[in-house]
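Peer 1: Chains as they are written, first to last, in this note's numbering: chain A, 270 to 602; chain B, 270 to 602; chain C, 7 to 327; chain D, 7 to 327. We put the CB at the ideal spot given by N, CA and C, even for glycine.
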Ligand SMILES: Cc1ncc(C[n+]2csc(CCOP(=O)(O)OP(=O)(O)O)c2C)c(N)n1
Ligand SMILES: Cc1ncc(C[n+]2csc(CCOP(=O)(O)OP(=O)(O)O)c2C)c(N)n1
Ligand SMILES: [Mg+2]
Ligand SMILES: [Mg+2]
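1) Determine which residues share a DSSP beta bridge with residue 430/A and list them.
2) In angstroms, rounded to a whole number, what distance separates the CA positions of residue 168/C and residue 365/B?
3) Name the DSSP beta bridge partners of residue 352/A, please?
4) Which parts of the stretch 235-270 of chain D are runs of the alpha helix (DSSP H), unbroken and 4 residues or longer, counting only runs that do not cross its ends?
5) Using the beta-carbon count (16 or more within 10 Å), is residue 63/D buried or exposed?
6) Grouping DSSP H, G and I as helix and E and B as strand, with all else coil, what is residue 330/B?
7) Within 10 angstroms of the Cβ of residue 267/D, are there 16 or more other Cβ atoms? Answer buried if so, exposed if not.
8) What do you get for residue 319/A, buried or exposed, if any count of 16 or more other CB atoms within 10 angstroms of its CB means buried?
9) Quick one: Cα of residue 276/C to Cα of residue 233/D, how far?
10) Would you call the stretch 403-420 of chain A and the stretch 522-539 of chain A touching, i.e. three or more CB-CB distances under 8 Å?
11) Taking the straight line between their C-alpha atoms, what separation do you get for residue 226/B and residue 162/D?
12) Is residue 258/C close to chain B? Criterion is C-beta to C-beta, closer than 8 Å.
13) Considering Cα atoms alone, identify which of 501/A, 566/A, 483/A is closest to residue 512/A.
14) In this structure, how does DSSP classify residue 513/B when only helix, strand and coil are distinguished?
15) Taking the straight line between their C-alpha atoms, what separation do you get for residue 307/A and residue 72/C?
16) Can you tell which of 446/B, 447/B, 431/B, 391/B has its C-alpha closest to the C-alpha of residue 463/B?
17) Name, please, each residue of chain A whose Cβ falls closer than 9 Å to the Cβ of residue 63/C.
18) Given a threshold of 16 other Cβ atoms within 10 Å of its Cβ, counted over all protein chains shown, does residue 368/A qualify as buried or as exposed?
19) How is the alpha helix (DSSP H) around residue 58/C delimited, first residue to last?
20) Do you know how far the Cα of residue 350/A is from the Cα of residue 390/A?
21) For residue 181/C, which residues in the same chain have their Cβ closer than 7 Å to its Cβ, ignoring the five residues on either side in sequence?
22) On a Cα-Cα basis, can you pick out the residue from 293/C, 231/C, 13/C, 18/C that is closest to residue 144/C?
23) Output needed in chain order: residues of the stretch 116-143 of chain D with a Cβ under 7 Å from some Cβ in chain C.
24) Taking residue 157/D as the query, report the chain B residues whose CB atoms sit under 9 Å from its CB, ordered along the chain.
25) Please list, in chain order, all residues of the same chain as residue 352/A whose beta carbon is under 7 Å from its beta carbon, the five residues on each side excluded.
26) Residue 523/A and residue 548/A - do their beta-carbons sit closer together than 8 Å?
27) Using beta carbons (cut-off 8 Å, strictly below), is residue 201/C in contact with chain D?
28) Would you call the CB atoms of residue 479/A and residue 506/A closer than 8 Å?
29) I need the DSSP call for residue 7/D, collapsed to helix, strand or coil.
30) Three-state secondary structure (DSSP) at residue 315/D?
31) Output, in sequence order along the chain, the residues in the stretch 86-113 of chain D whose CB is closer than 7 Å to any CB in chain A.
32) Quick one, which of 42/C, 11/C, 25/C, 60/C has its alpha-carbon nearest residue 220/C's?
33) For chain D, check one thing: does any of its Cβ atoms lie closer than 8 Å to the Cβ of residue 349/A?
34) Hey, which unbroken runs of the alpha helix (DSSP H) at 4 residues or more fall wholly within the stretch 268-300 of chain C?
35) Taking 8 Å as the threshold (beta carbon to beta carbon), is residue 70/D in contact with chain C?
36) Residue 527/B and residue 556/B look like a contact to me (Cβ under 8 Å); what is the Cβ gap, rounded to whole Å?
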């Protein structure tokens, strides 16, 4: 677990992200940001507030609604020495830019025989919440996870969000940085001093011995709640947040599995073909003999997200579902 | 195993596809096809040869290079009663059309409360072969596999290709139909009589008892070769080709696993986050107690495809790799 | 003034009035917590949907945008079923699964609102492609705003429709803003009809707040579409009478523009038509408005009282996926 | 005729000659099995890359297309390293990992060919965006053909560059075909420069086979780009002297056009310039050609003898992913 240094200050997730951008833009004048409504308006979730004032309209500016075009512009700027941070309002809209991410950004370094680099961060936001319905509620990290050449980061706390965004901006490869729409107002400790969280280091959000629960992004707070309930019922869960899915900190996961011998993976994305399946397959290949029961994946239903709020709750794992699934895993023997 | 009826005739994969299109266009005048160079030129792989002559330019026509636009046009035509078969030259280029496939086609039925249907087939082609390099050699089925509302078909033989394409065209939901660039000239028996292969039925390409090898599309011929070699070495592998990945015939897979107790999944796509991971996770959740050794996934390397032909061979499983992996699984105890 | 002109002008005004008040009532319901999620009011742009749809017939098709209530109503939607959808009820147009951004009526050729800017355009082109293959006398109108006119989906769609000579009417609702982004900041050529010309479409620019002007031009283009002369593009200049969505106060909108469009309101212009061209009195108009308002109130009542889909019914949907 | 004009005309001709013969020799190598994969010759279009790149300097940038050898050579690529890349050798520009469709030289601001039609355009816009942020006196030329002018990437890129006033020169190599698809079948407005006008760019159409005409207009646009007046668009009308790729006989190309362009060949026109404007004799020209050809032959030798990347070295790449 990365130290929270001598922190005292509490920030919201969105404020932590804002600080990361500010610090990195201050440090390196090659860093600039663009996206829809990010300048004067400060972004839909206020992550970019105040940056226009501080850094001016050459480095903080709004884009037309041309997601594919301006993402490609980010790639081109990155290829020629800049460090763009491109914002796409919803991860759902990244479906318009995958040519630039998958066929271009992810491939240049390799196709050029290591002579080109694309140090770009693609910030976006996903997950279910507040009745935004089928086209604004997806969790699509599995798509990026599958593509060699892309890094993939999904922070769950203000502390992680800041440290990882700074690392992402300094990374020389394209990083897909996915925030969660329900986390922006969450508060947490963030030190005043500068810190960076290297990509590829999982965080043990809670130590435990009876089962390993792996979760990321918006599922982490729910899993932490469930872990408290489980504790009262005599099950001491270890909660692991990989924080970056690519690179994935397999070691921390495997070590935990060896200790607890039971695994539950909780993902908000639909169950079929999610990142959880891959983590399950890795655990299985690398720690088969330690497993006391099958790795269980609790995922979203295989269906688009409904508009109606009561039904919306049914499609992604809730605290009670996590508690139930954890018990199934532990008592399955 | 679906009966090959009283077949005698041999057709190439591309001819079988051509016949399927011809028969369905003949049967239903709502079926039409569009894509780049598919009309007069008959398609890059000759799948659509002769269709312009038979059905005329209203139902067989070339599109401008506007993949997103003409795929969307397919969706709109499908929504209003037509049955378009849209061709995208390379699965790599589907990265330009995912908004129409994922945010639109896959969602309409659900978002409309079951009042809209999108009976469209998206034919495309993927896989490694012939030095086409990083932007024309990907295997991206995992992306479609993860999206509720899409069906996903990847035939490996002429017989399957024909029967499944006919089923896809009759399906009332959007179907992603991915062919393999190295299969078009492969020959196989295809009966003269009409037949349809329902989506969701795996085919046991070879029965066996010592281990289950699961593979689809371009990997199937390689696995069959490997299975012969293994046979000589005393390992009798059962080879399962799911043929359609969505819907997935879990039953056939699980039953085989219960019999053989050893599983190898062979996929051409990069290992990380591929469909194999999900199949592994399913086997693990549903047949854990039958497994004698971990489910092994032999996949493509986590790297884009190199141009150089000798290096190209290294990034996807070859027959020797499959033989080696199968032995590892069987002798792992 | 002929009787049918009067009826026609009354029906245009009634539609605009219903859209205006549907939105205002729905905003109240939103504030009360009855409606959730995204809600983009069509306030101030009523003349466009009204003028265009009045020139179409029920066999034609429309595709709409994220700001889709106006198109839906102008197309003839039932107020009750619309409110029910916005409230997430099972008897709504999409059984409460779609909501404001996905409202549609496939049984009546309304191919729906769309949460992805521009993505309705290729879909409209495809509906027209089907028409052309079937050789039918139908056409499709597709709506998009200035912001959406910068996205590939729209631009590719323009070219495809023109290359294939399809019966599509592209309607740009140029309200000069995309959320808070001014049109001057998103393009160097703010006269958007010129894009149509670049792709070989006959294209015009007009006052989008004058329902009669919109209707006149739409009517001619729509007829010509049905005669195989399509596609066409009309850029209707207009302005949002509110923020981008229900929670946006729109403080960035310049006062002069807001003031100008307060006077140049489509409903004021529609009223003027009623008085000057159809000879109605203020009292006649109040009467028309009363009837419409009563219908709206009854629809709200209906929607509030309607049940949501049960978990059981929802799970049946899930099974099919 | 001044000496420096002569030198300049000779250098233009030499570049065109090298491109022509690079392609012809590479096609032979392809037929012999030395080159694999896709190979799209730039035959017949030599004047465009040559004229444009001659007006740029080494601090500027280019992005190219799937038909990228001409741009690469006109930009000043080393023939040896180019052939080595096409042959998949480790000392090629991309170590044999990229090949024809991905040839690039990032160390010299050549951002490369691209296997996805149109996708180089937004990348060029981004390079120009970087220039504008850094406030430098550089510019970017981006190439695309008629087929590629129909895709969203190109169209969005045009608008972005214009909205942001970026130093980009869009060069449409209108060779009238996309594989076998005639331009008339892919758009209703075949004068493609009009698309630029729709987005507010100063745009022209010209003879793309006359290297001097291309160069003159490119030079003026490029200078104006560096003075902050960009972007610009030039549509260069040209024709493929061969099939779409090396295995396509191009039988669908109409005989009249083929015949016309045989006479209107960029190299013939270039030769005419040398004779009429620089006072060279046929013998002088043969001399120039001999030198260039010797360089090409030597480069082929070099490439054939060069080694491929070892499996070991390749696996080091894999580790980083
Ligand atoms: C592709 C895409 N990008 C961004 C958004 C987020 N968004 C929703 S509405 C909107 C503004 C649209 O502006 P415009 O097209 O002018 O329509 P208007 O709101 O003015 O009617 C934006 C950016 C989206 N829904 N889809
Ligand atoms: C997005 C995309 N669609 C299709 C292709 C396949 N393809 C390669 S070149 C080509 C034709 C391109 O035509 P044009 O843009 O006119 O370029 P030209 O070949 O004439 O130089 C096509 C369709 C591709 N590479 N990328
Ligand atoms: Mg607008
Ligand atoms: Mg061309």
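Peer 2: The short version:
1) If you number the first chain from 1, residue 430/A lands on position 161. When DSSP reads this structure, residue 430/A sits in no beta bridge, so it has no partner.
2) Sequence index remark: in the third chain, residue 168/C carries index 162 (1-based). Sequence index remark: in the second chain, residue 365/B carries index 96 (1-based). Whole-angstrom Cα-Cα distance: 21 Å.
3) Looking up residue 352/A in the first chain gives position 83. Bridge partners of residue 352/A: 300/A.
4) For the stretch 235-270 of chain D, whole alpha helix (DSSP H) runs of length 4 or above, ordered along the chain, are 261-269.
5) Numbered from its first residue, the fourth chain carries residue 63/D at position 57. With fewer than 16 Cβ atoms within 10 Å of its Cβ, residue 63/D is classed as exposed.
6) As a working note, residue 330/B is residue 61 in the second chain. DSSP, reduced to helix, strand and coil, places residue 330/B within a strand of the structure shown.
7) As a working note, residue 267/D is residue 261 in the fourth chain. Counting of Cβ neighbours within 10 angstroms places residue 267/D among the buried residues, the total reaching 16 or more.
8) Counted from its first residue, the first chain places residue 319/A at position 50. Its Cβ having fewer than 16 others within 10 Å, residue 319/A is exposed.
9) Residue 276/C sits at position 270 when you count from the first residue of the third chain. Residue 233/D sits at position 227 when you count from the first residue of the fourth chain. Straight-line Cα distance between these residues: approximately 50 Å.
10) Under the Cβ criterion (8 Å, minimum of three pairs), the stretch 403-420 of chain A counts as touching the stretch 522-539 of chain A.
11) The structure shown does not extend to residue 226/B, since chain B is modelled only from 270 through 602, so no value can be given for it.
12) Reading the third chain from its first residue, position 252 is the one you call residue 258/C. Cβ-Cβ to chain B under 8 Å: no for residue 258/C.
13) As a position in the first chain, residue 512/A is number 243, starting the count at 1. Of all alpha-carbon atoms in 501/A, 566/A, 483/A, the one lying nearest the alpha-carbon of residue 512/A is that of 483/A.
14) As a working mapping, residue 513/B is identified with position 244 in the second chain. In this structure, DSSP gives residue 513/B an extended state, which the three-state scheme calls strand.
15) The residue given as residue 307/A occupies position 38 in the first chain. The residue given as residue 72/C occupies position 66 in the third chain. Rounded to whole angstroms, residue 307/A to residue 72/C spans 20 Å at the Cα level.
16) Taking the first residue of the second chain as position 1, residue 463/B is located at position 194. Closest option to residue 463/B, Cα to Cα, is 431/B.
17) Here the question's residue 63/C lines up with position 57 in the third chain. Neighbours of residue 63/C on chain A: none; closest Cβ ~30 Å, over 9 Å.
18) Start at 1 with the first residue of the first chain, and residue 368/A comes out as number 99. That one is buried.
19) For the purposes of this step, residue 58/C is taken as the residue at position 52 of the third chain. Here the alpha helix (DSSP H) through residue 58/C covers 52-59.
20) Taking the first residue of the first chain as 1, we reach residue 390/A at position 121. Taking the first residue of the first chain as 1, we reach residue 350/A at position 81. Straight-line Cα distance between these residues: approximately 14 Å.
21) Taking the third chain and counting its residues from 1, one reaches residue 181/C at position 175. Result list for residue 181/C: 51, 151, 152, 244, 245, 246, in chain order.
22) Against the third chain, residue 144/C aligns to sequence position 138. Residue 231/C is the option with its Cα nearest to residue 144/C.
23) Answer in chain order: no residues at all.
24) In the fourth chain, counting from the first residue as 1, residue 157/D sits at position 151. Taking a Cβ-Cβ threshold of 9 Å, the residues of chain B close to residue 157/D are 333, 334, 335, 336, 337, 338, 365, in chain order.
25) Taking the first residue of the first chain as 1, we reach residue 352/A at position 83. Counting only Cβ-Cβ distances below 7 Å, and skipping sequence neighbours, we find 297, 299, 300, 388, 438.
26) The residue you call residue 548/A lines up with position 279 of the first chain. The residue you call residue 523/A lines up with position 254 of the first chain. At least 8 Å separates the beta-carbon of residue 548/A from that of residue 523/A.
27) Sequence index remark: in the third chain, residue 201/C carries index 195 (1-based). Closer than 8 Å to some Cβ of chain D, the Cβ of residue 201/C qualifies, so yes.
28) On the first chain, position 210 is the one that residue 479/A refers to. On the first chain, position 237 is the one that residue 506/A refers to. Residue 506/A sits close to residue 479/A, with the two beta carbons spaced by under 8 Å.
29) Translated into positions along the fourth chain, residue 7/D becomes position 1. Only weak support is given to the placement of residue 7/D: the predicted model assigns it a pLDDT of 47, under 50, and the value that follows is read from those uncertain coordinates. In this structure, residue 7/D counts as coil in the three-state DSSP scheme.
30) Sequence index remark: in the fourth chain, residue 315/D carries index 309 (1-based). In the structure shown, residue 315/D sits in coil (DSSP, three-state: anything other than H, G, I, E or B).
31) Listed in chain order, the positions of the stretch 86-113 of chain D with a beta carbon within less than 7 Å of a beta carbon of chain A are 100, 101, 103, 104, 108, 110, 112, 113.
32) Here residue 220/C corresponds to residue number 214 of the third chain, with the count starting at 1. Looking at the Cα atoms, 60/C is the closest of the given residues.
33) Taking the first chain and counting its residues from 1, the one referred to as residue 349/A is at position 80. Put simply, the CB of residue 349/A is near chain D, with a gap under 8 Å to one of its CB atoms.
34) List check, alpha helix (DSSP H) in window: 272-282.
35) Here residue 70/D refers to the residue found at position 64 of the fourth chain. By this cut-off, residue 70/D is not an interface position.
36) On the second chain, residue 527/B is found 258 positions in, with the first residue counted as 1. On the second chain, residue 556/B is found 287 positions in, with the first residue counted as 1. Rounded, the Cβ-Cβ distance is 6 Å, consistent with contact.
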